[in-house]
Amino acid sequence: MNSDTSWERGIISFADRKVSVVRYGLPAIQVLLFIGVVIAGVGPLLWLLKSGVSTSQDILRGPMQLWPSGIQPQNIPDAWNRVQIGAYLGNTAFIAIGSMISTLFVCTTGAFVLSILRPKWGPVLTGAVLATLFLPGVISLVPLYMTVLKMPVLGVSLQNTFWAVWLPSAASAFNLLVIKRYFDSIPRELIEAARIDGASNIRLFTALILPLSKPIVGVVALLTVIGSWKDYLWPLLVLPDPRLQPISVALPRVAKTTEISLQMSALFLAVLIPVVLFLVFQKQFLRGVGMAGGIKE
Amino acid sequence: MFQQRTQKSGRSVTTWYRSGGLSAVFFALPLVLIFLYFSWGPIVRGLVLSFQKNNLVAPPEWVGMSNFSYVLTDPQLPQAALNTLYFALLALVFGFPVPLFLAVFISELRKTGWLYNVLSYLPAVVPPVAAILLWTFFYDPSTAGVFNSILGWFGLGPFAWLNSQTLAMPAIVLEATWAGAGATSIIYLAALTGVRTELYEAAELDGAGIRSRVWHVTLPQIRGIILIMMLLQLIGTFQVFTEPFLFTGGGPNNATTTILLLIYRYAFINGDFGAATALSVLLAGVLCVLSVVYHFVTRRWSTT
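Right under this line is the structure:
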């Protein structure tokens with residue numbers, strides 16, 4: 001997508017580029033748009049970097065001054081330790097990875113049944129999963145909260161445990177159907193061949209299907225981690241204990257009680273990790289997100 | 001005869017077992033359990049709850065339609081519904097053309113497109129809560145606020161932003177657009193790679209200018225994804241919560257109270273879970289009707 005070496009024509013042709021309006025207009029739009037994208041994309045982050053190491057006074061008096069009057073690098077370790085940003089980031093990562101594992105486990109095994117094993121009752125199950133895709137999420141917010149407070153039949157409460165976030169995130173019809181569709185495209189001959197070789201269902205799953213579906217598993221894993229990292233309302237409801245809260249839930253609470261300079265360094269730290277991860281893995285990232293969009297169609 | 005029948009069913013059970021029927025059940029177990037507890041169960045429970053009085057303390061009690069009548073006569077509801085519609089409309093006006101324009105433009109830049117791509121996607125990786133807290137600071141109403149001092153260079157302002165009843169909602173939508181545009185444009189970009197480029201040649205030979213090529217060749221080819229993204233955006237904006245909740249908490253003077261904020265207040269501040277689910281069911285119903293109507297309307301467009 002990014003590095004096409006062969007020149008494939010787009011909307012604008014070589015002939016167009018000879019017309020002076022296009023010849024000078026196009027670079028002008030390009031430059032303007034570039035400035036716009038830089039201001040929108042990088043501007044707030046640079047501002048946050050500057051404010052993260054400034055004094056509270058500087059941030060409040062002259063937020064648009066290019067250079068702060070004094071640099072306070074001590075803000076960053078202070079935010080990490082005193083505001084406990086480190087601990088909250090740890091919680092966030094733990095929640096995100098747990099959600100990813102539970103989602104992948106439930107969705108791959110489920111898709112394996114529906115797509116490869118195809119029992120008689122499979123279509124009913126597929127239909128039941130598909131139906132939930134058409135219902136807006138708002139309908140189950142409150143009853144889901146009550147379910148987590150007291151699990152039916154089991155009678156236990158998941159509140160203030162990470163399970164309260166991990167398990168509901170696995171009930172994702174979208175991810176299940178994405179994986180199922182990918183499994184559907186695996187040639188049946190491969191599966192028959194493995195069966196003739198005497199592979200059991202478990203072996204078929206772990207030794208053939210999973211290795212073949214690495215790309216889609218990667219995309220779903222990535223999307224789950226991003227989704228979990230961004231989530232706010234659900235962890236706010238089910239994790240009232242501050243020691244368990246992810247950074248999203250902790251930040252607004254902490255912001256009320258800490259001084260502005262520490263607040264900004266805390267925000268900076270909260271933003272830093274996802275941004276660095278994105279910049280390092282940008283190719284996989286953008287491809288994954290684009291792929292997910294294609295699936296929506 | 002009886003013995004024969006048991007023998008026969010016994011055999012079919014063993015063949016079922018041998019052909020992996022039991023292990024299929026085991027493989028389906030996590031899916032069924034998780035969906036029962038966290039998807040199907042809550043949906044059914046939501047429908048049941050909306051006809052009950054429930055505050056988690058006293059045992060639930062059937063109350064018929066009274067939750068619905070309570071919610072529908074709540075004086076805050078018309079305001080919240082209007083605010084939600086206003087948010088959805090503004091989000092559509094701001095948030096719909098920007099990513100589309102960005103994507104069409106980036107797809108033209110073969111060599112440097114990725115740079116625009118990465119930069120415009122950056123806001124989408126900032127956790128929404130961090131972005132909102134940052135923007136709250138940007139929207140500082142004093143003359144030293146970030147936006148006010150930038151506008152001050154041009155002799156504008158100062159504006160009250162989030163403290164103003166008229167500006168609060170547009171301010172929230174502006175942040176939401178900033179956060180969402182990159183992600184949407186990536187999806188359009190992926191769709192644009194599938195556009196058949198030889199059609200541009202044909203259009204050019206027929207004398208179509210650049211603008212009409214975009215309008216008559218590019219956009220119709222990605223119409224499917226555009227229509228779906230529009231519907232998803234509408235459904236998403238009708239359920240907006242985090243932005244108004246953190247930016248303004250619904251204020252000033254309820255100018256940014258949305259339906260989801262009302263649901264939150266019913267359930268988690270008033271402890272009235274019946275009313276909260278009744279309103280959720282109503283909103284879900286409206287969204288379902290909206291999707292169906294949208295489907296039929298857009299289907300008619302695509303045939304003409």
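Quick note, the sequences are listed as chains A and B, same order. Residue 1 is where the first sequence starts when you use the UniProt record's numbering, and the numbers rise one by one after that. Residue 1 is where the second sequence starts when you use the UniProt record's numbering, and the numbers rise one by one after that. Beta carbons are placed, not taken as given, at the ideal position from N, Cα and C, and that holds for glycine. Treat the numbers as computed from the prediction; the structure is a model and nothing was measured.
At least one C-beta of chain B is nearer than 8 angstroms to the C-beta of A/Ala128.
The C-beta of A/Phe105 comes closer than 8 angstroms to at least one C-beta of chain B. Secondary structure of A/Gln282 (DSSP, three-state): helix.
By the Cβ neighbour-count rule, B/Pro99 is buried, with 16 or more other Cβ atoms within 10 Å of its own. Contact fails between the region 183-202 of chain A and the region 119-135 of chain A, because fewer than three Cβ pairs, one in each stretch, are under 8 angstroms apart. Taken through DSSP and simplified to helix, strand or coil, B/Gln79 comes out as helix. Straight-line measurement puts the Cα of B/Gly21 at about 15 angstroms from the Cα of A/Arg203. B/Pro170 does not reach chain A, its nearest Cβ partner there being about 17 angstroms away, counting only Cβ pairs nearer than 8 angstroms. Taking a C-beta distance under 8 angstroms as the contact criterion, A/Ser56 and A/Glu259 qualify as a contact pair.
Using a CB distance below 7 angstroms, the part of the region 107-120 of chain A facing chain B consists of Thr109, Gly110, Phe112, Val113, Leu117, Pro119, ordered along the chain.
Proximity of the region 261-278 of chain B to the region 34-41 of chain B falls short of the contact definition, fewer than three beta-carbon pairs being nearer than 8 angstroms. Each of A/Met264, A/Thr257, A/Gln284 was checked against the Cα of A/Pro77, and the nearest Cα belongs to A/Met264. For B/Gln239, the CB contacts under 6 angstroms within the same chain, skipping 5 residues up- and downstream, are Leu260 in chain order. In this structure, the beta-carbon distance from B/Val129 to B/Phe138 does not fall below 8 angstroms. B/Ile269 has a beta carbon lying at 8 angstroms or more from every beta carbon in chain A.
Distance check between A/Ile247 and each of A/Leu237, A/Ile116, A/Leu267 places A/Leu267 closest, using alpha-carbon atoms only. Pairing B/Met169 with B/Leu77 gives a Cβ-Cβ distance that is not under 8 angstroms.
The way I'd put it, the region 223-239 of chain B doesn't touch the region 44-56 of chain B; fewer than three beta-carbon pairs between them come closer than 8 angstroms.
From the listed residues B/Glu204, B/Val44, B/Ala176, the smallest Cα separation to B/His216 is found for B/Glu204. Neighbours of A/Thr132 across chain B, judged by C-beta separation under 8 angstroms: Phe35, Ser39, Trp40, Ile43.
With a threshold of 8 angstroms between beta carbons, B/Tyr86 makes no contact with chain A. Each residue's CA atom was taken as its position, placing B/Leu227 and B/Ala131 some 28 angstroms apart. Taking all protein chains in view, the Cβ of B/Met65 is surrounded by fewer than 16 other Cβ atoms within 10 Å, so the residue is classified as exposed. When DSSP states are grouped into helix, strand and coil, B/Gln52 belongs to the strand group. Per DSSP, reduced to three states, the secondary structure at A/Glu259 is coil, with no helix or strand assignment. The residue among B/Pro220, B/Ala183, B/Ile172, B/Ile222 with its C-alpha nearest the C-alpha of B/Thr84 is B/Ile172. Counting only Cβ-Cβ distances below 9 angstroms, B/Asn83 has no contacts in chain A at all, with the closest Cβ about 16 angstroms away. Under the Cβ distance rule, B/Arg300 does not count among the residues neighbouring chain A, no pair being separated by less than 8 angstroms. With a 10 Å radius around the Cβ and a threshold of 16 neighbouring Cβ atoms, A/Ala193 comes out exposed. Here the alpha carbons of A/Leu262 and B/Gly224 stand approximately 47 angstroms from one another. The three-state secondary structure of A/Trp121, taken from DSSP, is coil.
Just so you know, the alpha carbons of A/Val220 and A/Asn175 end up roughly 6 angstroms apart. Straight through space, the alpha carbons of B/Leu174 and A/Asp16 are spaced by roughly 35 angstroms.
By the neighbour-count definition (other C-beta atoms within 10 Å, threshold 16), B/Gly250 is a buried residue.
For A/Phe34, the residues of chain B that pass the 9 angstroms Cβ criterion are Thr112, Leu115, Tyr116, Leu119, in the order they occur in the chain. Of all residues in the region 259-271 of chain A, the ones placed with a Cβ closer than 7 angstroms to any Cβ belonging to chain B are Leu267, Ala270, Val271, in chain order.
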